[in-house]
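Engineer:
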Amino acid sequence: MLTLRYTFPRLLTTLAIVVGCMALPLSGRGQNIARPNIDGPAGMQVNSFTGNLFLPRTDFYVAGTGLPLDASFAYNSARDTLNVGFGLGWTFQYHISYANRGSAVDILHADGRVDTYALQNGNYIPPIGVFDRLEQPQTGQFRLTTVDGET
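If you use the numbering used here, the sequence shown closes out at 209, no skipped numbers anywhere.
(1) Helix or strand or just coil, what does DSSP make of residue 135?
(2) Where in the region 145-192 do unbroken runs of the beta strand (DSSP E), each at least 3 residues long, occur, reported from the N-terminal end onward?
(3) Could you check what DSSP says for residue 129 in three-state terms: helix, strand or coil?
(4) If you run the structure through DSSP and keep just helix, strand and coil, what is residue 64?
(5) Here's a check: name, in chain order, each residue in its chain whose Cβ is nearer than 8 Å to the Cβ of residue 166, leaving out the five neighbours to either side.
(6) What is the DSSP secondary structure of residue 99, reduced to helix, strand or coil?
(7) Would residue 134 be called buried (16 or more neighbouring beta carbons within 10 Å of its own) or exposed?
(8) Helix, strand or coil, according to DSSP, for residue 209 in the structure here?
(9) Does any residue of chain C bring its CB to less than 8 Å from the CB of residue 192?
(10) Which term fits residue 98, buried or exposed, when burial requires 16 or more other beta carbons within 10 angstroms of its beta carbon?
(11) Go through its chain and collect everything with a Cβ distance to residue 152's Cβ below 8 Å, but skip five positions before and after it.
(12) Across which residues does DSSP place residue 194 in a beta bridge pair?
(13) Using 8 Å for Cβ pairs, my map puts residue 132 next to residue 149. What's the rounded Cβ distance?
(14) Give the DSSP-derived three-state secondary structure of residue 94 in the structure shown.
(15) Nearest CA to the CA of residue 130: which residue from 116, 179, 109 and 189?
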């Protein structure tokens, strides 16, 4: 009964958002193998293959002379059981985590993307198309360096 109580409102919320999207004038491309995401208002996207809903939201933004001050969140219905402190399915734009699986390390990005780095001869090999570098300076610690040089 506890599962139904928490799952049912989430399901209703997701359905209400998806039905609301269907009522809005979206592009009429239908399901497209090359482009499965259907764009909605305010950056919302619905994947026509999986039904996954992705909803970005900016709560606070201040432009600055250097780095802007920005607090943005994203909801991903494919991750509706993940709670990193902002509610089920919600992540913060700077949130990043990892899962060490022994022979590979999964890097989970805030947008829901997962990059799996395979361990080969002591080096972590990124997936095809990913140019970030993963290193393990000591046991239990990982360092991810982006193609721009950010760590």
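C-beta: ideal position from N, C-alpha, C; glycine also.
Structural biologist: So, to answer that:
(1) DSSP places residue 135 within a helical segment (H, G or I) once states are collapsed to three.
(2) Listed in chain order, the beta strand (DSSP E) elements of length 3 or more contained wholly in the region 145-192 are 148-150, 154-158, 162-167, 172-178 and 181-183.
(3) Correct three-state label for residue 129: strand.
(4) With a pLDDT of only 43 at residue 64, under the threshold of 50, the placement of this residue in the model should not be trusted; the figure read from the coordinates follows. Three-state DSSP puts residue 64 in a helix.
(5) The beta carbon of residue 166 sits closer than 8 Å to the beta carbons of 154, 155, 156, 157 and 172 from its chain, once the five residues preceding and following it are set aside; these are given in chain order.
(6) Residue 99 carries a helical assignment under DSSP once its states are collapsed to helix, strand and coil.
(7) Buried: at least 16 other Cβ atoms inside 10 Å.
(8) Coil, per DSSP.
(9) In summary, chain C is missing from the structure at hand, where a single protein chain is found.
(10) Buried, because 16 or more other Cβ atoms sit within 10 Å of the Cβ of residue 98.
(11) Within the same chain, residue 152 has close Cβ partners 168.
(12) Residue 194 pairs with nothing; no bridge assigned.
(13) About 6 Å separates the beta carbon of residue 132 from that of residue 149, a gap short enough to meet the 8 Å contact definition.
(14) In this structure, DSSP gives residue 94 a state outside helix and strand, which the three-state scheme calls coil.
(15) With distances taken between Cα atoms, residue 130 lies closest to 116.
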